Every structure is written in C-alpha cells, then in structure tokens.
Amino acid sequence: MVKIVDSTPRSVFEVDIEMSAMFGRMTINKPKVLFEILNRHLAARNMEDLIKFEYDRHTFEDSIILSKYVEVHIEKSSGSALLRKLNLQENAVINQTQKLKVDYLAHVDTRDSFKVIINEYPSFVNSIKHSKDLVINPGIYKTPSDLFNSFQYVQLSQLENSKTKFHVPNYYEIRFAKPLAEMLGFNETLFKSGNYESKYSLDLSGGITEIFIYSDLQ
Numbered sequence: 252m253v254k255i256v257d258s259t260p261r262s263v264f265e266v267d268i269e270m271s272a273m274f275g276r277m278t279i280n281k282p283k284v285l286f287e288i289l290n291r292h293l294a295a296r297n298m299e300d301l302i303k304f305e306y307d308r309h310t311f312e313d314s315i316i317l318s319k320y321v322e323v324h325i326e327k328s329s330g331s332a333l334l335r336k337l338n339l340q341e342n343a344v345i346n347q348t349q350k351l352k353v354d355y356l357a358h359v360d361t362r363d364s365f366k367v368i369i370n371e372y373p374s375f376v377n378s379i380k381h382s383k384d385l386v387i388n389p390g391i392y393k394t395p396s397d398l399f400n401s402f403q404y405v406q407l408s409q410l411e412n413s414k415t416k417f418h419v420p421n422y423y424e425i426r427f428a429k430p431l432a433e434m435l436g437f438n439e440t441l442f443k444s445g446n447y448e449s450k451y452s453l454d455l456s457g458g459i460t461e462i463f464i465y466s467d468l469q
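Mapping to my numbering: the sequence shown position 174 is 425, numbers consecutive.
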C-alpha cells in the first residue's frame with residue numbers, strides 16, 4: 252500500500268514577534284534572561300507548544316525547539332541584532348529543532364522582530380494498494396550475502412548470532428513463502444512496517460533435498 256500526501260500547505264499562518272512588545276526600552280544583555288522573557292511572551296500568546304527556547308549557560312548554546320510544521324524566519328532587515336546574537340550571518344529560516352551558539356556579548360535591539368510561520372496541511376490521505384510478486388532465482392547460495400542480494404525492496408542482513416534481521420519501510424507489507432521464511436529463521440510469513448529479527452539462525456541448507464557423493468574408489 253502506498254500513501255500519497257498533498258505536500259502543499261492548505262493555509263499559512265504568520266505571527267510577528269516584536270522585541271519591543273516584550274522589552275520596551277530595556278537593554279537585555281544576559282542570554283538566559285532574554286530567552287526566559289521570550290518564552291513567557293510566547294506562552295502569553297498561547298504559542299508555548301509551537302516554539303520554545305532552551306538556553307544552556309554552560310555551553311552558551313540555545314536550542315530552538317519547534318513543533319511540526321512550524322518555522323521561524325529571521326531577516327536582516329528586521330532582526331539583524333537577533334541574528335548576531337544567534338551567530339547567524341544571513342537571513343535564516345529555521346524549520347526544525349536546532350541548537351545555535353549564542354554570542355554572549357551581542358546586544359539585542361528592541362526594534363528587532365521575527366516571524367513564526369505555522370503551516371497547516373490537509374489531513375486526508377489517499378491510499379493506493381498495490382501488490383507485486385517477487386521471485387528469487389533458483390540456485391545454490393553459498394553465503395548469506397549472496398542470498399540477501401537477490402531480494403528487492405527489503406534489505407536483509409545477518410547478525411553475529413547468525414540470525415536474520417531486516418526492516419520493512421512504512422506503508423509496506425512483505426509476505427514470504429513458508430519455506431523461505433523458515434530458511435531465514437522465522438515462524439511467521441507476514442511482516443508489516445517495522446524492524447524484525449528471526450527467532451532461529453539462518454539455514455542455507457534448508458532448500459537442499461539431494462546430496463551427491465563422488466568417490467574414485469574402484
């Protein structure tokens with residue numbers, strides 16, 4: 252089954268965060284105080300679950316923690332001092348949780364501002380079911396890697412204890428024929444998305460049903 256998601260935001264909501272609304276004419280030099288006030292201001296606007304600043308005074312680093320689909324935009328034209336404070340040189344778009352080194356001595360201009368962008372995506376998902384039979388070429392596989400390389404869409408590997416492990420990607424299901432599953436060390440045959448490790452060791456001799464013996468004795 253394949254899931255198709257529309258990647259175009261259904262709506263984009265922008266919020267301007269102005270330093271003057273938080274600090275007035277105050278000059279804030281200490282990063283810890285700066286980010287605490289920022290967090291209180293965001294909480295007062297019911298945005299504490301969307302964006303949070305966490306400052307580490309030992310490493311002089313600030314973690315900007317963002318919720319999913321939230322971005323922070325800081326532009327030189329409106330937030331140059333804040334960019335310097337966060338050791339950023341150019342216009343910045345932060346769209347995932349990020350840790351930044353803070354310039355302890357840089358001042359924040361109360362005229363600075365930045366934007367918090369909230370993207371809303373469609374909640375519906377179109378599902379398409381498609382199945383495909385994959386055939387492993389018959390033959391004798393001398394090593395586990397020879398066998399594993401014949402698989403498509405799933406990557407298998409052997410652990411140190413000779414057991415088999417593999418990962419099934421999201422939205423996929425894999426069904427092994429019973430003899431193949433047993434040879435790989437599994438009792439079950441159907442595997443949905445996730446990580447798997449076999450119960451038993453891999454047995455490459457599982458498919459051999461005849462043994463030929465050669466002798467030159469007269």
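We put the beta carbon where it would ideally sit given N, CA and C, even for glycine.
Quantities reported herein were computed from a predicted structural model and do not represent experimental measurements.
Are there three or more Cβ pairs, one per stretch, closer than 8 Å when the region 361-373 is compared with the region 312-332? yes
Quick check for students: name the residue ranges of the alpha helix (DSSP H) that lie wholly in the region 415-461, counting only runs of 4 or more. 429-435
In DSSP terms, what N370 is bridged to: V263
Within the same chain, show all residues whose beta-carbon is closer than 8 Å to that of K327, passing over the 5 residues directly before and after it, in chain order. L334, E341 and N342
For the alpha helix (DSSP H) that contains K336, what are its first and last residues? K327 to K336
For A343, name the three-state secondary structure that DSSP assigns. strand
In this structure, how does DSSP classify E269 when only helix, strand and coil are distinguished? strand
Distance, R308 Cα to M486 Cα: With the chain covering 252 to 469 only, the question about residue 486 has no answer from this structure.
In terms of alpha-carbon separation, which member of V367, L435 and H381 lies closest to L398? L435
Please report the straight-line C-alpha distance between F437 and T348, rounded to a whole angstrom. 39 Å
Pull up the distance between the alpha-carbon of Y451 and that of T310, whole angstroms please. 48 Å
Can you tell me the Cα-Cα spacing of Q409 and N446, whole angstroms? 13 Å
Neighbourhood of H292 by C-beta distance below 6 Å, restricted to the same chain and skipping five residues each side: M273
Roughly how far, in whole angstroms, is the beta-carbon of L301 from the beta-carbon of I369, given that I think they are within contact range, below 8 Å? 7 Å
In the DSSP assignment, find the alpha helix (DSSP H) that holds S396 and state where it starts and stops. P395 to F399
Which class does I464 belong to by DSSP, given the choice of helix, strand or coil? Annotation note: pLDDT 48 at I464 (below 50); position unreliable, coordinate value reported separately. In this structure, I464 counts as coil in the three-state DSSP scheme.
Three-way DSSP call (helix, strand, coil) for V323 in this model: strand
Take the Cβ of I387 as the centre, count every other Cβ of all protein chains shown within 10 Å, and call the residue buried at 16 or more, exposed below. exposed
Through-space distance from Y320 to E265, alpha-carbon basis: 12 Å
Where do the N-terminal and C-terminal ends of the alpha helix (DSSP H) with F286 fall, by residue? P282 to A295
Nearest by alpha-carbon distance to V263: which of I316, E322 and K283 is it? E322
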